[in-house]
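Everything on this sheet refers to the single structure shown next.
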């Protein structure tokens, strides 16, 4: 059976593009949906959160079954969930249809990662972390494309009814969805790396008890919240601080695309744990600036924040798979599930907090966004300490081993 890894990788990137378009386009339409259906921030937060807990449900379940049913069948399911979720959003009539459609898209997004993360490591076992970064650059890439599409459509000042404008924006996601579904249906897939290497199912589950894996699993809560909550809610959080909040998201994610594209030279200069430490420091500076500055300085803050979070997700996955390969697909998918589950809970809590701030200020929401960003700043500050300890641990561990070249 011939495996065309280049075509499989390209199709994987396209499926992740759909995942990220759902974030970028929704981030740019969140307030409009609120206006159309008279939804408050608590309701918008609940809708947004469904994507984040639909994702971990799918990615964790997918991690348990991917070795059994194969990556191709999982990606067929992802296509069907994406198709159903997008169509239901297009024809949404209020809170519950938006809630269910967002849940379906979250399940689709999680299913994509459940299959594609182990697919990438199986295709490129010689440089996992680099290729995971290249694959995951399509997440911020799709957010850039989606945000620019929303911004461009808004700039046209269409005289259509708001409902039809939103339907047009969401419907654009159908194009790459149909293409990736067709591509995957035509390609042959390899088995997962864990199956190919002969590691037993029991050995995979035993590897999950490694204290280092548990540590990284917990840290994934913080890296995911820092990156995804801030990005998904930037239009809401900075709406009253900047007239171009969605452009800030585009700038931040554009920096992420560039950074992940340059992952190979960066990972040659620094090991993954050092990259994570530097990233956390930059992310902390970026969030602090976003919560305190105004005017042109906000663009500098977005650039610094983008530099900080660009390596978080793929490098966390790459570190685990590189240093604990026996954890296999379930290890990768538990990491992704942990991150998205944390974001879902945090989004709900912050949605309530946002409304409480506004109520306490008698309807004045000028300070609500910055206050939420300042509360979120605590998370990367804690991660600086955690990843500082990881750097020291890995240096001590590597000194006790014979010198060898490690593929990243």
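In our numbering, the protein residues as written are 64 to 471. For every residue, glycine included, the Cβ atom is placed at its ideal position computed from N, Cα and C. In this text, all values refer to a predicted model and were calculated from it rather than measured experimentally.
My understanding is that residue 100 touches residue 157, with C-beta atoms under 8 Å, so please give their C-beta distance in whole angstroms. The residue you call residue 100 lines up with position 37 of the chain shown. The residue you call residue 157 lines up with position 94 of the chain shown. For residue 100 against residue 157, the beta-carbon gap comes to about 5 Å, under 8 Å, which counts as contact.
Is the Cβ-Cβ distance between residue 290 and residue 375 less than 8 Å? Taking the chain shown and counting its residues from 1, the one referred to as residue 290 is at position 227. Taking the chain shown and counting its residues from 1, the one referred to as residue 375 is at position 312. Their beta carbons are under 8 Å apart, which means residue 290 touches residue 375 by this criterion.
Work out the CA separation of residue 265 and residue 339 for me, nearest whole Å. The count along the chain shown starts at 1 and reaches residue 339 at position 276. The count along the chain shown starts at 1 and reaches residue 265 at position 202. Their backbone Cα atoms lie some 30 Å apart in a straight line.
Give the straight-line distance between the Cα atoms of residue 246 and residue 113, rounded to the nearest whole angstrom. Here residue 246 corresponds to residue number 183 of the chain shown, with the count starting at 1. Here residue 113 corresponds to residue number 50 of the chain shown, with the count starting at 1. Our two residues, residue 246 and residue 113, have alpha carbons roughly 28 Å apart in a direct line.
What would DSSP say about residue 418, mapped onto helix, strand or coil? By 1-based counting over the chain shown, the position of residue 418 is 355. Residue state, collapsed to three classes: helix.
What would DSSP say about residue 466, mapped onto helix, strand or coil? Taking the first residue of the chain shown as position 1, residue 466 is located at position 403. For residue 466, the predicted model reports a pLDDT of 48, less than 50, meaning its position is unreliable and no value from the coordinates is stated.
Within the region 93 to 174, note down every full alpha helix (DSSP H) run reaching 4 residues or more, in order along the chain. 104 to 132 and 134 to 153
Residues in its own chain within less than 7 Å of residue 250 by CB, not counting five upstream and five downstream? What you label residue 250 is simply residue 187 of the chain shown in a count that begins at 1. Same-chain partners within the cutoff: 67, 70, 71 and 74.
If we call anything under 8 Å between Cβ atoms a contact, is residue 173 one with residue 80? Along the chain shown, read from residue 1 onward, the residue named residue 173 stands at position 110. Along the chain shown, read from residue 1 onward, the residue named residue 80 stands at position 17. Going by beta carbons, residue 173 and residue 80 fall outside the 8 Å limit.
Buried/exposed call for residue 232, threshold 16 Cβ in 10 Å: Locating residue 232 in the chain shown gives position 169, counting from the first residue. Classification of residue 232: buried, given that the 10 Å Cβ count is 16 or more.
Would you grab the beta carbon distance between residue 403 and residue 118 for me? Rounded to a whole angstrom, and I think it's under 8 Å. Counting from 1 along the chain shown, the entry for residue 403 is found at position 340. Counting from 1 along the chain shown, the entry for residue 118 is found at position 55. Confirmed, about 4 Å.
Consult DSSP for residue 357 and reduce its assignment to one of helix, strand or coil. Taking the first residue of the chain shown as 1, we reach residue 357 at position 294. In this structure, residue 357 counts as coil in the three-state DSSP scheme.
Do residue 369 and residue 319 have their CB atoms nearer than 8 Å? What you label residue 369 is simply residue 306 of the chain shown in a count that begins at 1. What you label residue 319 is simply residue 256 of the chain shown in a count that begins at 1. Contact flag set, yes.
Along the alpha helix (DSSP H) that carries residue 206, what are the first and last residues, could you check? Here the question's residue 206 lines up with position 143 in the chain shown. From DSSP, the alpha helix (DSSP H) with residue 206 extends over 201 to 218.
Quick one: grab the DSSP three-state call for residue 437. Here residue 437 corresponds to residue number 374 of the chain shown, with the count starting at 1. Helix at residue 437.
When you compare only the Cα positions, how much space is there between residue 393 and residue 358? Reading the chain shown from its first residue, position 330 is the one you call residue 393. Reading the chain shown from its first residue, position 295 is the one you call residue 358. Spanning the two alpha carbons is a distance of roughly 45 Å.
Output the distance between the C-alpha atoms of residue 349 and residue 371, rounded to the nearest integer angstrom. Translated into the one-based positions of the chain shown, residue 349 becomes position 286. Translated into the one-based positions of the chain shown, residue 371 becomes position 308. Using only the alpha carbons, I get a separation of about 7 Å.
Count the other CB atoms, across all protein chains shown, that sit within 10 Å of the CB of residue 396; report buried if there are 16 or more and exposed otherwise. Along the chain shown, read from residue 1 onward, the residue named residue 396 stands at position 333. It is buried - the Cβ of residue 396 has at least 16 other Cβ atoms within 10 Å.
Do you know whose CA, among 446, 414, 420 and 458, lies nearest residue 102's CA? Taking the first residue of the chain shown as position 1, residue 102 is located at position 39. Out of 446, 414, 420 and 458, 414 has the C-alpha closest to the C-alpha of residue 102.
Out of 109, 411, 110 and 140, state which residue places its alpha-carbon closest to the alpha-carbon of residue 124. Within the chain shown, the letter at position 61 stands for residue 124. Nearest option by C-alpha distance: 140.
In terms of residues, what are the limits of the alpha helix (DSSP H) holding residue 25? Because the chain in this structure spans residues 64 to 471, residue 25 falls outside the shown range and cannot be described.
Give every residue of the same chain whose Cβ lies closer than 6 Å to the Cβ of residue 244, excluding the five residues on either side of it in the sequence, and list them in chain order. Counting from 1 along the chain shown, the entry for residue 244 is found at position 181. If we look at residue 244 and ignore the five residues flanking it on each side, its Cβ neighbours are 142.
Does residue 381 come out as helix, strand or coil in the three-state DSSP assignment? Within the chain shown, the letter at position 318 stands for residue 381. Annotated three-state conformation of residue 381 is helix, per DSSP.
Nearest-angstrom Cα separation, counted from residue 329 out to residue 424: Within the chain shown, residue 424 is the residue found at index 361, counting from 1. Within the chain shown, residue 329 is the residue found at index 266, counting from 1. Computed Cα separation, rounded: 46 Å.
Using CA atoms only, rank isn't needed, just tell me which of 258, 411, 193 and 314 is closest to residue 333. Your numbering for residue 333 matches position 270 in the chain shown. When each option's Cα is compared against that of residue 333, the closest is 193.
If you compare alpha carbons, which of 210, 297 and 215 is closest to residue 361? In the chain shown, counting from the first residue as 1, residue 361 sits at position 298. Of the listed residues, the one whose Cα sits closest to residue 361 is 297.
May I ask you to report which of helix, strand or coil DSSP gives residue 225? As a working note, residue 225 is residue 162 in the chain shown. Helix.
Can you name, in chain order, every residue of its own chain whose Cβ lies under 8 Å from the Cβ of residue 451, other than the five neighbours on each side? For the purposes of this step, residue 451 is taken as the residue at position 388 of the chain shown. Cβ neighbours of residue 451 beyond the five flanking positions: 340.
For residue 130 and residue 169, I'd like the C-alpha separation in whole angstroms. Counted from its first residue, the chain shown places residue 130 at position 67. Counted from its first residue, the chain shown places residue 169 at position 106. Rounded to the nearest whole angstrom, the CA to CA distance from residue 130 to residue 169 is 22 Å.
Do residue 185 and residue 259 count as a contact pair if the criterion is CB distance below 8 Å? Reading the chain shown from its first residue, position 196 is the one you call residue 259. Reading the chain shown from its first residue, position 122 is the one you call residue 185. Taking 8 Å as the cut-off, the Cβ atoms of residue 259 and residue 185 count as close.
What's the call for residue 215, buried or exposed, on a 16-neighbour Cβ count within 10 Å? The sequence position of residue 215 within the chain shown is 152, counting from 1. Residue 215 sits exposed, since fewer than 16 C-beta atoms from the chains shown fall within 10 Å of its C-beta.
Measure from the alpha carbon of residue 167 to the alpha carbon of each residue in 85, 252, 181 and 456, then state which is nearest. If you number the chain shown from 1, residue 167 lands on position 104. Residue 85 is the option with its Cα nearest to residue 167.
From 431, 327 and 88, residue whose alpha carbon lies closest to that of residue 153: Start at 1 with the first residue of the chain shown, and residue 153 comes out as number 90. Ranking 431, 327 and 88 by Cα distance to residue 153 puts 88 first.
Can you find the residues in the same chain that come closer than 6 Å, C-beta to C-beta, to residue 279, ignoring five residues on each side of it along the sequence? Position 216 of the chain shown holds residue 279. Around residue 279, the same chain offers 383 as residues with beta carbons nearer than 6 Å, after the five sequence neighbours per side are excluded.
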